Every structure is written in structure tokens, then in C-alpha cells.
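Convert by adding 30 to the 1-based position in the sequence shown; the result is the number in our numbering.
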Amino acid sequence: MKIHNITQGLRESFVNWVAGNQKNYVLLGIVTFGFPLRFMRWIFETGDGGKPWGNKSCFTLSFDCDYPEDIEAIPSVLKVLKGYPFKVSFACVGYWIEKYPEIHKEILGAGHEIVNHTYSHPDNELLNPGRKFKDIPKNEKREELEKCHEICWKILRYEPKGCRIPHFKNLFTREIYSILEELNYVYSSSTWSTMGKPWGSPFLASNGIVEFPLSTCPKHPFTVFDTWHALNSPRWSHRIVHRSGPEDYERMFRHLLRLGKYYSSYLNVYIDPLDVSKIARFPLLLDMLVDIEVEVLTYSQFLEKYPVVAPGKTRDQK
31 MKIHNITQGL RESFVNWVAG NQKNYVLLGI VTFGFPLRFM RWIFETGDGG
81 KPWGNKSCFT LSFDCDYPED IEAIPSVLKV LKGYPFKVSF ACVGYWIEKY
131 PEIHKEILGA GHEIVNHTYS HPDNELLNPG RKFKDIPKNE KREELEKCHE
181 ICWKILRYEP KGCRIPHFKN LFTREIYSIL EELNYVYSSS TWSTMGKPWG
231 SPFLASNGIV EFPLSTCPKH PFTVFDTWHA LNSPRWSHRI VHRSGPEDYE
281 RMFRHLLRLG KYYSSYLNVY IDPLDVSKIA RFPLLLDMLV DIEVEVLTYS
331 QFLEKYPVVA PGKTRDQK
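See below:
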């Protein structure tokens, strides 16, 4: 038992050390190409904070709607989702809501959640090329979020409760939390699970905003687990690991879900709607979520059921 505790302590120290050195690309490369699956298991073992959902995995599925092809794919995605007993979240861009109002109304009509994904998605090569959200002035960040919110109300008669900023990791900025507080938002889903404690569990960030970290790829612990990196990324480090494309994505989805169930962890996965048609067995992945060991909730549903007040804790666990 003593040896086990020492080993576990060393693993936790190593995981914390790696998380604090994410600009050391040599270190990240060693982990990614040397022992990614083992490192991910250590992340789940280290998982910080309480788990109010009990001895099961809690799962949020979301879709990022950045391009016209994503919007055009939404009706078919909704058709597939219709047969399942859970709701999902759609991160939507204000400009596309203006251009495709009826499709976005279908999202709400089906009972799903819309997340504010800014008005023009800065650095989107179609709408706002060359301007990264992190680098624009704070007043412009606020305008991006505020304009999307206003459009949601004007066109959809819907007020989002949270946001997802464009891009992640080094492009994330904590400056958004004060902006979200001013907009009376309650959550963000703009970071990812291997950036540090509480290792993927929803946590109270600052300004009263709850952050829902996105899950990372079991084979790329420092890359968010999404369909873009698994199916479309031109990076050789992604292509060499995900050589089989959709089949490998399916395997990693299953692997991630097994980890979540084994460690009773929170998982947060997003998919680009345009990629759903590339995954032949996508309904089978959804079937895996209809499981007594998995509770699927939107971000808003999670906060209604498990209101977060401290890192990894809910009000009942204070």
C-alpha cells in the first residue's frame, strides 16, 4: 500500500510538472509520441475535486458551427440525434445565425442548447481572417460576444447562458471571464483538460464563471479531442497517429469513454457538424452514451443539477 501511494504521488507530481511546462515542446513531444495513453490514464487517476454525479461518467456533447458546411449539416445531425434520450449543445456564430435563421431555430425546437461562439469567429478565414480573438482589444472581445447574444435574442428569442471562444490552449485568455460576468453569463467551455487542475472537471474560474474544460485526445494529450484534428488537420503529428481517419477517431472515442466510465470522470467532447457524415458509425458512438454508467447533460443542464461553487465541488460538497 505504501509503495502504491508513493508511485501514485510520483505520477501526480509528474503530471503537474508537465502541465506547468506546456511551452516545452520537446517535453510535450516525448509524452505524445512516447506514452500518450499512459499519460492520459494518469490524468484521470489524478482527477481533482468531487464527483457529484456519483459512480458513473458525466458527458457533454457539443457541436461547433464555424462554417457554412457546418450549418448545412445541422439538419441531418438533428435527425440522427432525434432518436436519443439526451440533449446536446451547439456553439453558434452570430453571423451564421443571421444568414441561416431557420436552421438555428431547428436546434432550439429540438430542445438543444445554443452556446455563444462570438459574432464573426475571429481568425475564421471566411468571416474574420487574420485576427485572433486573444489579440483583439477587450472592447472588441465584448462586442463579438455581445453582438452574438443580441442576434440570438432578436432572431431566435433565445438568450445563451455561456460561451466558447474561438480556438483554445495558447489562444485562450482569462480576460473573457469579466466580460461574461458583465453579460450575466454563467459558464464558458474554452479550455481543455490537460492544462492543469482540476483535470477536466468543471470548475469555478473567476468572476463567478464556471469553466467546462474540453477533453483531449488519448493519443495527443495536449490537443483537444475533436474531429478536425483527427480527420482534417494537415499537421504530420496528427496525420501519422490518426492514419486510419474515421476508424481511429471511433477507437479514440471509445477509449476516452472507457476512461471516463472507469474513473467516473466528466468528459466534454465537441464535433464539427460537417464531419459527422465522414464517420460511418456515428450512431454507434451515440449508442454508447445511452448507458446506465453515463449521464449526458448540456452545460446548462449540468449547472442546474450540479451547481459548481469551487474547483471540482458543488454546493452540496462545500
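A virtual CB, placed ideally from N, CA and C, is assigned to each residue, including glycine. All values reported here derive from a predicted model rather than from experimental measurement.
- In the DSSP assignment, find the unbroken alpha helix (DSSP H) run with V110 in it and report its ends. 98-111
- Of the residues D96, F93, A235, G77, the one placed nearest S87, counting alpha carbons only: G77
- Query: What is the rounded straight-line gap between the Cα of A121 and the Cα of E280?
  - Reply: 22 Å
- Mark V338 as exposed unless 16 or more other C-beta atoms lie within 10 angstroms of its C-beta, in which case mark it buried. Under a 10 Å Cβ-count criterion, V338 is classified as buried, with 16 or more other Cβ atoms of the shown protein chains found around its own Cβ.
- Task: Could you pull out every unbroken beta strand (DSSP E) segment of at least 3 residues lying fully inside the stretch 255-334, listed in chain order?
- Result: 296-301, 324-326
- Message: Can you look up Q347 in the DSSP assignment and give me helix, strand or coil?
- Response: Model confidence at Q347 stands at a pLDDT of 45, short of 50, so the residue's coordinates are unreliable; what they give is reported in the following sentence. Helix.
- For V48, name the three-state secondary structure that DSSP assigns. helix
- Message: Between which two residues does the alpha helix (DSSP H) holding L186 run?
- Response: 168-186
- Task: Measure the beta-carbon distance from P251 to F69 and round it to whole angstroms, keeping in mind my assumption that it falls under 8 Å.
- Result: Yes, they are in contact, since the Cβ atoms of P251 and F69 sit about 5 Å apart, within 8 Å.
- Give the straight-line distance between the Cα atoms of K348 and Y130, rounded to the nearest whole angstrom. Here K348 scores only 40 on pLDDT, less than 50, and its place in the model should not be relied on; the value that follows carries that caveat. If you take the alpha carbons of K348 and Y130, they lie about 44 Å apart.
- Beta-carbon proximity check, Y188 vs L111, cutoff 8 Å: no
- Burial state of L213 (16 or more Cβ within 10 Å): buried
- Item | Burial state of G124 (16 or more Cβ within 10 Å) | buried
- Query: In or out: T62 buried (at least 16 other Cβ within 10 Å) or exposed?
  - Reply: buried
- Compare the C-alpha of D256 against each of W47, K53, D94, K81 and name the closest. D94
- In angstroms with no decimal places, state the Cα-to-Cα distance between N85 and S295. 9 Å
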